[in-house]
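Undergrad: If you count the sequence shown from 1, you need to add 1 to reach the working numbering. Dumping the structure here so I can ask a few things about it.
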Amino acid sequence: MSIQATAADIGLLSTCAFLGTIGASLTGFGQAIIFLFVWQIVELAGYNGDFKSAVFIQALSLFSMQPLVLYKAKVWKNAHRRVLYLFVPITLVSTPIGQLVSEDVPTNIVQAVAGVLVTFVACWEMYSKRNWFLSLLSPCDKKMKDEGGGQTGADDSADHTAERGEAAGVEEVGDESNDKKEEILTREVGLVDADLDEATTTVAGTTNVGNNEEPSQKELAAAAATSTLPKPTISSVYTSLAIEPNNNIDASTAESKAARKKDEERLKIGINKPTFITLLAGGASGFLGGLVAIRGPPLIFYFLHPPHPITFNKSSQRATGVVIMFCNVLMRMIFYLINTFSVNSSGKIGFVKEDWRLYLSVIVCSIAGGLVGSKLFEYLKDSKDTIRGILSVFLLLCGVSLLFSAFA
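Below you can see the structure in the form of structure tokens.
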């Protein structure tokens with residue numbers, strides 16, 4: 002900040018940092034969106050602050066949380082390395098570009114971009130929670146909410162797992178069918194063995210009636226030769242089941258190997274669709290993060306619809322997103338440090354020695370907010386959808402107010 006922070010500035014920005022980290026823990030929204038939401042409410046109430054300075058303090062707040070976030074996400078174990086090989090470099094390059102543009106662009110334009118992004122996130126969230134909103138309009142919609150809860154959950158998560166779930170379902174059906182065939186086959190083979198045992202018992206009974214001696218091998222062979230019982234074989238069982246034991250298995254194995262090899266080729270870093278989409282999402286996210294601190298929208302689309310064959314589960318998505326966030330905020334802090342020690346730092350946003358109380362307060366409040374938010378999430382996790390639904394309405398109002406402030 003170019004002007005020394007007052008007690009009101011310290012109190013407001015520390016509160017934004019504290020509530021921002023709590024809100025992000027409870028709702029899953031980006032910390033920047035919650036931070037700017039609180040800041041915008043106070044500004045509408047009459048506070049006269051600088052938007053770009055607020056973005057700088059938000060970067061400091063987010064950076065102070067990184068050790069805790071990285072540890073909890075277990076990035077060394079869960080992160081998608083192939084995606085990070087592309088996301089990390091493009092984020093490190095695009096983030097400073099966004100910050101350079103932000104310095105030369107008027108504040109009202111920056112606010113307008115932030116307003117568009119916040120409004121987009123709010124509308125997306127309201128759409129994904131449409132069943133919850135419909136249930137508020139009429140008590141009769143409660144049944145619809147219950148029936149559509151699964152769909153709401155699917156819209157919420159990236160989850161991007163619909164295709165994988167469908168594929169898994171197909172595999173399960175195939176496995177179930179094969180299991181049934183194997184079960185029938187086992188039962189039929191068991192019947193074969195039972196019939197042979199019955200024949201042996203019958204022969205033994207007719208040969209040794211009246212004495213307790215075991216039948217000889219010659220007697221058993223002679224009796225078996227004259228027996229009228231059919232002699233079923235394993236091949237006849239396969240024929241009755243109308244399956245070919247080896248050919249289908251070999252064909253499906255060959256197809257799966259070919260598909261796996263094709264996916265491996267697509268996963269290689271090179272000129273292909275997954276690489277292009279990953280670089281595009283990383284570049285857009287980094288640029289927006291540097292410009293207005295809101296890097297979420299491109300990542301939302303990427304995690305919801307990852308390019309085939311890239312897939313994420315809940316743990317890998319979280320860990321990968323945390324690493325991307327760390328790279329973005331790290332470059333932002335480096336940029337502000339360069340501005341601080343630059344020879345010509347007049348008019349640039351950076352650290353001011355006299356504001357050490359503000360920085361210390363923001364860091365402490367951010368860490369405290371992260372810890373409190375984690376505890377609250379455990380108590381309120383059953384109400385998470387309700388909290389997100391209510392907050393999405395306020396976010397929409399925040400986005401509209403940012404747009405209004407930009408063009409007023």
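For each residue, glycine too, the CB sits at the ideal point set by N, CA and C. Computed from a prediction, not measured in an experiment: that's the story for all the values here.
1) Does the Cβ-Cβ distance between Met127 and Leu397 come in under 9 Å?
2) Give the range of the alpha helix (DSSP H) segment to which Asn340 is assigned.
3) Would you mind stating whether Ser384 and Ser95 have Cβ atoms separated by less than 9 Å?
4) Nearest by alpha-carbon distance to Phe352: which of Thr341, Thr312, Gly290 and Ile325 is it?
5) Which same chain residues end up closer than 7 Å to Gln112 when comparing Cβ atoms and leaving out the 5 residues on each side of it in sequence?
6) If you draw a straight line from the C-alpha of Cys17 to the C-alpha of Thr254, how long is it?
7) Under 8 Å: do the segment 83-97 and the segment 276-285 share three or more Cβ pairs, one atom per stretch?
8) Give me the residue from Val373, Ile388, Ile335 and Val401 with the minimum Cα distance to Leu61.
9) Who are the near neighbours of Asp160 in its chain, counting only those whose CB is closer than 6 Å to its CB and skipping five residues on each side?
10) Just how far apart, CA to CA, sit Leu294 and Ile110?
11) Following the continuous alpha helix (DSSP H) through Gly126, name the residue where it begins and the one where it ends.
12) To which residues of the same chain is Leu27 closer than 8 Å at the C-beta, ignoring the five residues directly before and after it?
13) By alpha-carbon positions, which one of Leu45, Leu85, Val84 and Val119 ends up nearest to Pro298?
14) Can you find the residues in the same chain that come closer than 6 Å, C-beta to C-beta, to Gln100, ignoring five residues on each side of it along the sequence?
15) Taking the alpha carbon of Pro68 as the point to measure from, which residue in Leu372, Leu392, Gly390 and Ile391 has its own alpha carbon closest?
16) For a test of the three-state rule: what should DSSP assign to Pro299, helix, strand or coil?
17) Which whole runs of the alpha helix (DSSP H) in the segment 29-56 are 4 residues long or more, in chain order?
18) Do His81 and Thr321 have their C-beta atoms closer together than 9 Å?
19) Quick one: is Pro307 buried, meaning 16 or more other Cβ sit within 10 Å of its Cβ, or exposed?
20) DSSP three-state call for Ala285: helix, strand or coil?
21) I'd like the list of long-range same chain contacts for Ile311, defined as Cβ closer than 6 Å, with 5 residues on each side in sequence excluded.
22) If you draw a straight line from the alpha carbon of Met332 to that of Ser103, how long is it in whole angstroms?
23) If you drop the 5 nearest sequence neighbours on each side, which residues of the same chain put their C-beta closer than 6 Å to that of Gly390?
24) Taking its Cβ as the centre, do 16 or more other Cβ atoms sit within 10 Å of Arg358, making it buried, or is it exposed?
TA: Answer, in terms of the structure:
1) In contact: Met127 and Leu397 (Cβ atoms closer than 9 Å).
2) Run containing Asn340: Lys315 to Phe342, per the alpha helix (DSSP H) assignment.
3) No, Cβ-Cβ distance for Ser384 and Ser95 is not below 9 Å.
4) Taking only the C-alpha atoms, the option nearest Phe352 is Thr341.
5) Phe52, Leu403, Ser406 and Ala407, listed in sequence order.
6) Cys17 and Thr254: Cα-Cα distance of roughly 57 Å.
7) Output reads yes: the segment 276-285 touches the segment 83-97.
8) Each of Val373, Ile388, Ile335 and Val401 was checked against the Cα of Leu61, and the nearest Cα belongs to Ile335.
9) In this prediction, Asp160 has a pLDDT of 42, which is less than 50 and means its spatial position is unreliable; what the coordinates show is noted afterwards. There are no such residues.
10) Here the sequence assigns Ala to residue 294, which means Leu is not the residue at that position. Here the alpha carbons of Ile110 and Ala294 stand approximately 14 Å from one another.
11) What sits at residue 126 in the sequence shown is Glu, not Gly. From DSSP, the alpha helix (DSSP H) with Glu126 extends over Thr108 to Ser129.
12) Counting only Cβ-Cβ distances below 8 Å, and skipping sequence neighbours, we find Gly374, Leu377, Phe378, Leu381, Lys385 and Ile388.
13) Considering only alpha carbons, the answer is Val119.
14) Cβ-Cβ distances below 6 Å link Gln100 to Gly291 and Phe336 in the same chain, with the five nearest sequence neighbours on each side left out; the list follows chain order.
15) It is Leu372.
16) In this structure, Pro299 counts as helix in the three-state DSSP scheme.
17) Runs of the alpha helix (DSSP H) inside the segment 29-56: 32-45.
18) Cβ atoms of His81 and Thr321: closer than 9 Å.
19) By the neighbour-count definition (other C-beta atoms within 10 Å, threshold 16), Pro307 is a buried residue.
20) Three-state result, Ala285: helix.
21) Excluding sequence neighbours, Ile311 sits near Pro275.
22) Their backbone Cα atoms lie some 14 Å apart in a straight line.
23) These residues qualify, in order along the chain: Lys130 and Trp133.
24) Result: exposed.
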